[in-house]
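Residues 48 to 210, numbered by the working numbering, are exactly what the sequence shown covers, in order. The C-beta atom is built at its ideal place from N, Cα and C for all residues, glycine as well.
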Amino acid sequence: MVTAVYPGTFDPITGGHEDIVRRGARMYSRVVVGVAHSRGKNPLFEPEERLAIAREALADLPNVDVVSFSGLMVDFARRHGATVALRGVRSVTDFDYEVQLAGMNRLMLPGLESVLLVASERYQFVSGTLVREIALMGGEIDRFVSPKVAQHLRAKVASRKQG
Ligand code: COA
């Protein structure tokens with residue numbers, strides 16, 4: 048039985064992230080999605096909102112748990128007894144960053160293998176930043192996030208406009 052962790056900021060979870068989780072859930076007996084606090088990234092959604100949105104989006108997957116974490120991802124992996132850290136790569140730029148992250152994580156926790164899944168073609172250009180920007184400017188986001196996530200994004204944009 049292999050447990051994999053999939054850490055990220057998920058501000059909010061996109062179709063690209065969901066694709067990685069769904070593929071990971073077919074590869075490993077358990078996947079623990081870790082919603083990082085990532086305060087430095089100044090997220091649009093609060094940590095509790097990002098957690099609730101990701102939980103809702105992945106509710107149909109019985110071997111997937113969604114939890115929040117702060118601190119190092121290796122400590123999060125250790126707490127959950129994970130031996131695999133899943134990450135998605137869309138481009139060479141992602142790959143460069145992921146190789147560095149995997150290397151540092153391996154130095155800190157040698158028992159954790161980083162497994163990089165190549166993003167599906169339809170999500171190759173999707174990023175949280177661009178999805179948030181399109182939503183904030185009233186553009187069409189339904190191709191990039193699941194329907195419930197799109198609703199949360201629209202509600203957040205509407206509440207921002209009122210506030
Ligand atoms: N499809 C589409 N988009 C994808 C994607 C995919 N398959 N995989 C990643 N992305 C996008 C995300 O939407 C996000 O876009 P944004 O930055 O424009 O919002 C970007 O790629 C990266 O996001 P994500 O995969 O969520 O990772 P992250 O860089 O936000 O978080 C952590 C990575 C969890 C490692 C980091 O945030 C963290 O907090 N780590 C804890 C501290 C630590 O351990 N650091 C490492 C020390 S070695």
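Between residue i and ligand 1, is there a pair consisting of the residue's CB and a ligand heavy atom that are separated by less than 8 Å?
| i | result |
| --- | --- |
| R179 | yes |
| S206 | no |
| H64 | yes |
| G81 | yes |
| V113 | no |
| I67 | yes |
| V162 | no |
| K88 | yes |
| Y75 | no |
| H127 | no |
| R190 | no |
| H199 | no |
| V139 | no |
| V78 | no |
| M120 | yes |
Should residue i be labelled buried (16 or more other beta-carbon atoms within 10 Å of its own) or exposed?
| i | result |
| --- | --- |
| A106 | exposed |
| T176 | exposed |
| F57 | buried |
| G87 | exposed |
| P157 | exposed |
| L154 | exposed |
| G63 | buried |
| P44 | The chain is shown only over 48 to 210; residue 44 falls outside these bounds and no answer can be derived. |
| E65 | buried |
| Y144 | exposed |
Is there a Cβ of chain C sitting closer than 9 Å to that of residue i, yes or no?
| i | result |
| --- | --- |
| P54 | The chain labelled as chain C is not found in the depicted structure, where only one protein chain is given. |
Just to confirm, is the Cβ distance from residue i to residue j under 9 Å?
| i | j | result |
| --- | --- | --- |
| M120 | V52 | yes |
| L91 | R179 | yes |
| V131 | V162 | yes |
| L133 | V78 | yes |
| V113 | V80 | yes |
| V136 | V165 | yes |
| E59 | H199 | Here residue 59 is Pro; the residue named in the question, Glu, does not match the sequence. It is a contact, given that the beta carbons lie within the stated cut-off. |
| V142 | R126 | First, the amino acid is wrong: residue 142 is Phe here, not Val. Taking 9 Å as the Cβ cut-off, F142 and R126 do not qualify as a contacting pair. |
| V39 | G185 | Since the first residue shown for the chain is 48 and the last is 210, residue 39 is missing from the structure and cannot be characterised. |
What does residue i pair with, by DSSP beta-bridge criteria?
| i | result |
| --- | --- |
| E160 | V131 |
| D112 | V79 |
| V52 | V79, A132 |
| V165 | V136 |
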